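Notes for the one structure printed next.
Protein chains: 2
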Amino acid sequence: MRIILAGLGVVGKSLVRLLHERSDELFKEYSIRPRIVAISDLSGSAIDTRGLDLKRVLDVKEKSGSISGYNKEVASLDTNELIEKTEAEVFVDATPTNVRDGEPGMTYLKHAMKFHKNVISVNKGPLALALPALTELAELNHIKLRFSGTVGGGTPMLEFGKRCLEGDHIVSIRGILNGTTNFMLTQMEEQGLSFDNALNLAKKKGYAEAEPSLDVDGIDAAAKLVIMANLVMGKKVTMKNVEVQGIRRVTPHDFVKAAKKGSTIRLIASVSDKLVVKPTEISIHDPLAVSGVLNAVTFTSKFAGDLTVVGAGAGGYETASAILRDMLDINESLVVAARN
Amino acid sequence: MRIILAGLGVVGKSLVRLLHERSDELFKEYSIRPRIVAISDLSGSAIDTRGLDLKRVLDVKEKSGSISGYNKEVASLDTNELIEKTEAEVFVDATPTNVRDGEPGMTYLKHAMKFHKNVISVNKGPLALALPALTELAELNHIKLRFSGTVGGGTPMLEFGKRCLEGDHIVSIRGILNGTTNFMLTQMEEQGLSFDNALNLAKKKGYAEAEPSLDVDGIDAAAKLVIMANLVMGKKVTMKNVEVQGIRRVTPHDFVKAAKKGSTIRLIASVSDKLVVKPTEISIHDPLAVSGVLNAVTFTSKFAGDLTVVGAGAGGYETASAILRDMLDINESLVVAARN
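If you want it as structure tokens, here you go:
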């Protein structure tokens, strides 16, 4: 399996490391030899049709901050050119999330599908903005579009909703889809911190970005909600269908009031008839009442009742392990196709 | 798909009702028409090779307490004879759990496999006592042995551990696998009830049996742990490999002491090197610290970290929905086999 990787940030590098470290094991257990044949980052690109030397990729990136030093002659190709010129079965989009217009990922995804590459994305932007259209495009081009790593980091939230409940129907989903804000709310609850102090602590711990709006205004949670609604419930919705309210107005006093009723406050993303993200009172006995940077999702099914999945919602290596799951899934379909 | 069903208790009846109610939907969505061609209960049996009239099955059982009134001429066949004489793709064992010798389920399972029927079991006894041997027997006879409903009721605990983490490795499992004792412990914690009073309340609510030993002595949890260890972690273990301690000696005072450390007490079943079931102090922030009759399982994976699944651990209809999942899984393999 030949792979083109766009984006060499935390997740991209983790994927390179994972494939490097687990190469022999993957061949032994799954008869699969993933080869990254091209990589692009903000400053350039590298190609080797026999498969890039992953150790060297990490070294070059570490030393120069860019992949462009890997092999000089092709360093100027951009991602779209890589997609056109490199033979590969899979394109992985690990470029940064942008929920305004989805770029540059949006263009890459469409380009990759047009050139009949299967697509694995961990970039929520294009999916949240246009998943119904992208799904159609994937079907039209007979390729697979997978994005396990976009929700729940390494926690298989999407797989659970999609694959573990065969024969049942998910009628609604409620969840905590953003670990940063859950950490902040937990600090407000347990330490009595104000929003600003909780945010500063989250920044200090590396959970929040310098520009924290994606997290604290509920946009990241909304993007993940859109992805779940499409994949798990078959709804054709995008970001503009979500009512979003972040946690800026939550105070420690709100937690004191909630506690008197046996409740706590969490940033709950939910989908049934409507898609809503907003701070919500829930019982302290609700399985969603998790603390810290965890993510948690409750699927309400028609026959098996309420089912909750809890796990770490982020982490480069965890998210890379979700990309690997998608690769194995795509590989299986390639094997079946080759047999028929 | 033709089915022989042994056992017409809560789960067996729920399965009949589910297949009756969802017949059209199952055909529409999965192109599957499950027909129950034979049923046995404690007092007799019924056969119709075209498929029993499920409405009538429920009526006859309701009125007479037995299936033997359905069609007089074959009412005397026992389950082993049904297995021998009835053409069917699937045998469903919904007979009561017995963890001493696994009977009568043990004999039925072996007999069904010998006659090349795929097997779906919701009876923990035979599996807990002999899963490694039964798995071998299934492979030898080229049939599928499925048992999704034995752990977590309708909650897909086994599927999650087995199917949602492709490419990863489960290194340990910890969980609350018995809802009855979790209800009792929650009552001891929140209402200060003694063990005896908590047990009486559980009996009154219908959660505990008249003979509660299976639950309160940790045997039910141990049986489920054995099943998980075999299926999810590939360990070849049985009941005799489990160190078991129940909740009889837990007191409300233990909860007061634990609370001072930010902890609570739950009956935790765990498997890593050893298999252990015993009352254990866990943090109140542990996702396993669920209240009431819930079940919860944390899978520790090598790459994606700790992943917890929470859901109702029992219920006839929920467990029947797990049987349906197994049927769809078996049906898929039959379709693939027919195609090749």
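In the order they appear, the protein sequences are chains A and B.
For the first sequence, my numbering gives the first residue as 1, with consecutive numbering after it.
For the second sequence, my numbering gives the first residue as 1001, with consecutive numbering after it.
Positions of the beta carbon are idealized from the N, C-alpha and C atoms, including for glycine.
Quick caveat, the model's predicted, so the values are computed rather than measured.
Exercise for the section: Note down, in chain order, all residues in the region 1144-1172 of chain B with a beta-carbon under 7 Å from any beta-carbon belonging to chain E. Expected result: No chain E is part of this structure, whose protein chains are labelled A and B.
Exercise for the section: Out of B:1199, B:1222 and B:1221, state which residue places its alpha-carbon closest to the alpha-carbon of residue 1211 of chain B. Expected result: Residue 1211 of chain B sits at position 211 when you count from the first residue of the second sequence. Ranked by Cα distance from residue 1211 of chain B, the options B:1199, B:1222 and B:1221 are led by B:1199.
Exercise for the section: Tell me, please, whether the CB atom of residue 1309 of chain B is closer than 8 Å to any CB atom in chain A? Expected result: Indexing the second sequence from 1 puts residue 1309 of chain B at position 309. Under the Cβ distance rule, residue 1309 of chain B counts among the residues neighbouring chain A, one pair being separated by less than 8 Å.
Practice task
Give the range of the beta strand (DSSP E) segment to which residue 1002 of chain B is assigned.
Solution key: Within the second sequence, numbered from 1, the residue matching residue 1002 of chain B stands at position 2. Residue 1002 of chain B -> beta strand (DSSP E) spans 1002-1006.
Handout entry: CB contact below 8 Å: residue 1263 of chain B versus chain A
Key = Reading the second sequence from its first residue, position 263 is the one you call residue 1263 of chain B. Chain A, which has no Cβ nearer than 8 Å to the Cβ of residue 1263 of chain B, makes this no.
Handout entry: First through last residue of the beta strand (DSSP E) which encompasses residue 1243 of chain B
Key = Numbered from 1 along the second sequence, position 243 holds the residue referred to as residue 1243 of chain B. Where residue 1243 of chain B is concerned, the enclosing beta strand (DSSP E) stretches over 1242-1244.
Problem - Boundaries (first-last residue) of the beta strand (DSSP E) holding residue 1212 of chain B - result: As a working note, residue 1212 of chain B is residue 212 in the second sequence. No beta strand (DSSP E) contains residue 1212 of chain B, which DSSP labels as neither H nor E.
Exercise for the section: Assuming residue 313 of chain A contacts residue 295 of chain A (C-beta within less than 8 Å), just tell me the rounded distance between them. Expected result: Working through the first sequence from its first residue, we reach residue 313 of chain A at position 313. Working through the first sequence from its first residue, we reach residue 295 of chain A at position 295. That belief holds up - the Cβ atoms of residue 313 of chain A and residue 295 of chain A are roughly 3 Å apart, short of 8 Å.
Handout entry: Whole-angstrom C-beta distance between residue 290 of chain A and residue 310 of chain A, which should lie under 8 Å
Key = Numbered from 1 along the first sequence, position 310 holds the residue referred to as residue 310 of chain A. Numbered from 1 along the first sequence, position 290 holds the residue referred to as residue 290 of chain A. Residue 310 of chain A to residue 290 of chain A, Cβ: 6 Å. Contact.
Practice task
Determine the burial state of residue 274 of chain A: buried for a count of at least 16 other Cβ atoms within 10 Å of its Cβ, exposed for fewer.
Solution key: Along the first sequence, one-based indexing puts residue 274 of chain A at 274. Its Cβ having fewer than 16 others within 10 Å, residue 274 of chain A is exposed.
Practice task
Express the C-alpha separation of residue 1123 of chain B and residue 1101 of chain B in angstroms, rounding to a whole number.
Solution key: Your numbering for residue 1101 of chain B matches position 101 in the second sequence. Your numbering for residue 1123 of chain B matches position 123 in the second sequence. Between residue 1101 of chain B and residue 1123 of chain B, the C-alpha separation is close to 12 Å.
Exercise for the section: Would you mind listing the beta strand (DSSP E) stretches within the region 1065-1128 of chain B that are 3+ residues and don't spill past its ends, in chain order? Expected result: Counting whole runs of 3 or more residues, the region 1065-1128 of chain B contains the beta strand (DSSP E) stretches 1090-1093 and 1118-1121.
Handout entry: Own chain residues within Cβ distance below 7 Å of residue 239 of chain A, not counting five before or after
Key = Taking the first residue of the first sequence as position 1, residue 239 of chain A is located at position 239. Answer for residue 239 of chain A: 99, 128, 129, 222, 223 and 226, listed in chain order.
Problem - CB contact check: residue 1287 of chain B to chain A, cutoff 8 Å - result: The residue labelled residue 1287 of chain B in the question sits at position 287 within the second sequence. Output row for residue 1287 of chain B: interface = yes.
Exercise for the section: Compute the distance between the beta-carbons of residue 112 of chain A and residue 12 of chain A, then report whether it is under 8 Å. Expected result: As a position in the first sequence, residue 112 of chain A is number 112, starting the count at 1. As a position in the first sequence, residue 12 of chain A is number 12, starting the count at 1. No. Outside cutoff.
Exercise for the section: Determine the chain B residues that contact residue 318 of chain A at a beta-carbon separation under 8 Å, and present them in chain order. Expected result: In the first sequence, residue 318 of chain A corresponds to position 318, counting from 1. Correct list: 1303, 1304 and 1305.
Exercise for the section: Take residue 1197 of chain B and list the residues in its own chain whose beta-carbon comes closer than 6 Å to its own, dropping the five residues that flank it on each side. Expected result: By one-based count along the second sequence, residue 1197 of chain B stands at place 197. Closer than 6 Å at the Cβ level, and outside the excluded window around residue 1197 of chain B, lies no residue.
Exercise for the section: In the DSSP assignment, find the alpha helix (DSSP H) that holds residue 1279 of chain B and state where it starts and stops. Expected result: By 1-based counting over the second sequence, the position of residue 1279 of chain B is 279. Per DSSP, residue 1279 of chain B belongs to no alpha helix (DSSP H); it is in the beta strand (DSSP E), 1275-1283.
Exercise for the section: Go to residue 1299 of chain B, then tell me how far its beta strand (DSSP E) extends in each direction, as first and last residue. Expected result: Counting from 1 along the second sequence, the entry for residue 1299 of chain B is found at position 299. Here the beta strand (DSSP E) through residue 1299 of chain B covers 1294-1301.
Practice task
Could you check the C-alpha separation between residue 1288 of chain B and residue 324 of chain A for me, to the nearest Å?
Solution key: Mapped onto the second sequence, residue 1288 of chain B falls at position 288. Mapped onto the first sequence, residue 324 of chain A falls at position 324. Between residue 1288 of chain B and residue 324 of chain A, the alpha-carbon positions lie close to 28 Å from each other.
Practice task
Classify residue 143 of chain A as helix, strand or coil using the three-state DSSP reduction.
Solution key: By 1-based counting over the first sequence, the position of residue 143 of chain A is 143. It is coil, neither helix nor strand.
Handout entry: Separation of residue 251 of chain A from residue 191 of chain A, as counted between CA atoms
Key = Position 191 of the first sequence, counting from 1, holds the residue named residue 191 of chain A. Position 251 of the first sequence, counting from 1, holds the residue named residue 251 of chain A. The straight-line gap from Cα to Cα measures roughly 12 Å.
Problem - Of the listed residues B:1231, B:1292, B:1278 and B:1018, nearest to residue 302 of chain A (C-alpha basis) - result: Position 302 of the first sequence, counted from the first residue, corresponds to residue 302 of chain A. Nearest of B:1231, B:1292, B:1278 and B:1018 to residue 302 of chain A, Cα basis: B:1018.
Handout entry: In DSSP terms, what residue 269 of chain A is bridged to
Key = Start at 1 with the first residue of the first sequence, and residue 269 of chain A comes out as number 269. Per DSSP, A:175 and A:277.
Problem - C-beta atoms of residue 304 of chain A and residue 1180 of chain B nearer than 8 Å - result: Here residue 304 of chain A is taken as the residue at index 304 of the first sequence, counted from 1. Here residue 1180 of chain B is taken as the residue at index 180 of the second sequence, counted from 1. Taking the C-beta atoms as reference points, residue 1180 of chain B is found no nearer than 8 Å to residue 304 of chain A.
Exercise for the section: Identify whether residue 1016 of chain B lies in helix, strand or coil by the three-state DSSP scheme. Expected result: For the purposes of this step, residue 1016 of chain B is taken as the residue at position 16 of the second sequence. Residue 1016 of chain B falls in the helix class under three-state DSSP.
Problem - Cβ separation of residue 125 of chain A and residue 79 of chain A, assumed to be a contact under 8 Å, to the nearest whole Å - result: Counting from 1 along the first sequence, the entry for residue 125 of chain A is found at position 125. Counting from 1 along the first sequence, the entry for residue 79 of chain A is found at position 79. In fact, because the Cβ distance is near 15 Å, the residues do not count as touching under 8 Å.
Problem - Neighbour list for residue 325 of chain A in chain B, Cβ cutoff strictly below 7 Å - result: One-based indexing of the first sequence puts residue 325 of chain A at position 325. Those within 7 Å of residue 325 of chain A in chain B are 1166 and 1167.
Exercise for the section: Look at the Cβ atom of residue 268 of chain A, then the Cβ atom of residue 173 of chain A, and state whether they are nearer than 8 Å. Expected result: Taking the first sequence and counting its residues from 1, one reaches residue 268 of chain A at position 268. Taking the first sequence and counting its residues from 1, one reaches residue 173 of chain A at position 173. The Cβ atoms of residue 268 of chain A and residue 173 of chain A lie no closer than 8 Å to each other.
Handout entry: Element boundaries [beta strand (DSSP E), containing residue 1310 of chain B]
Key = Reading the second sequence from its first residue, position 310 is the one you call residue 1310 of chain B. From DSSP, the beta strand (DSSP E) with residue 1310 of chain B extends over 1305-1312.
Handout entry: Beta carbon proximity, residue 1291 of chain B to chain A, threshold 8 Å
Key = By 1-based counting over the second sequence, the position of residue 1291 of chain B is 291. Residue 1291 of chain B counts as touching chain A.
Practice task
Closer than 8 Å by C-beta to residue 263 of chain A: which residues in its own chain qualify, once you throw out the five before and the five after it? Chain order, please.
Solution key: By 1-based counting over the first sequence, the position of residue 263 of chain A is 263. Closer than 8 Å at the Cβ level, and outside the excluded window around residue 263 of chain A, lie 281, 282, 283 and 284.
Practice task
Return the residue from the list A:108, A:337, A:115 and A:71 that minimises the CA-CA distance to residue 87 of chain A.
Solution key: Here the question's residue 87 of chain A lines up with position 87 in the first sequence. Nearest Cα to residue 87 of chain A within the set A:108, A:337, A:115 and A:71: A:115.
Problem - Short CB-CB distance (under 8 Å) between residue 312 of chain A and chain B - result: As a position in the first sequence, residue 312 of chain A is number 312, starting the count at 1. Chain B contact via Cβ: present.
Handout entry: residue 310 of chain A beta carbon near the ligand MN (any heavy atom closer than 7 Å)
Key = Annotation note on the ligand MN: not contained in the displayed structure, which lists no ligands.
Practice task
Might you give, ordered along the chain, the residues of its own chain that have their beta carbon closer than 8 Å to the beta carbon of residue 59 of chain A, omitting 5 neighbours on each side?
Solution key: Locating residue 59 of chain A in the first sequence gives position 59, counting from the first residue. Taken in chain order, the list of residues that qualify is empty.
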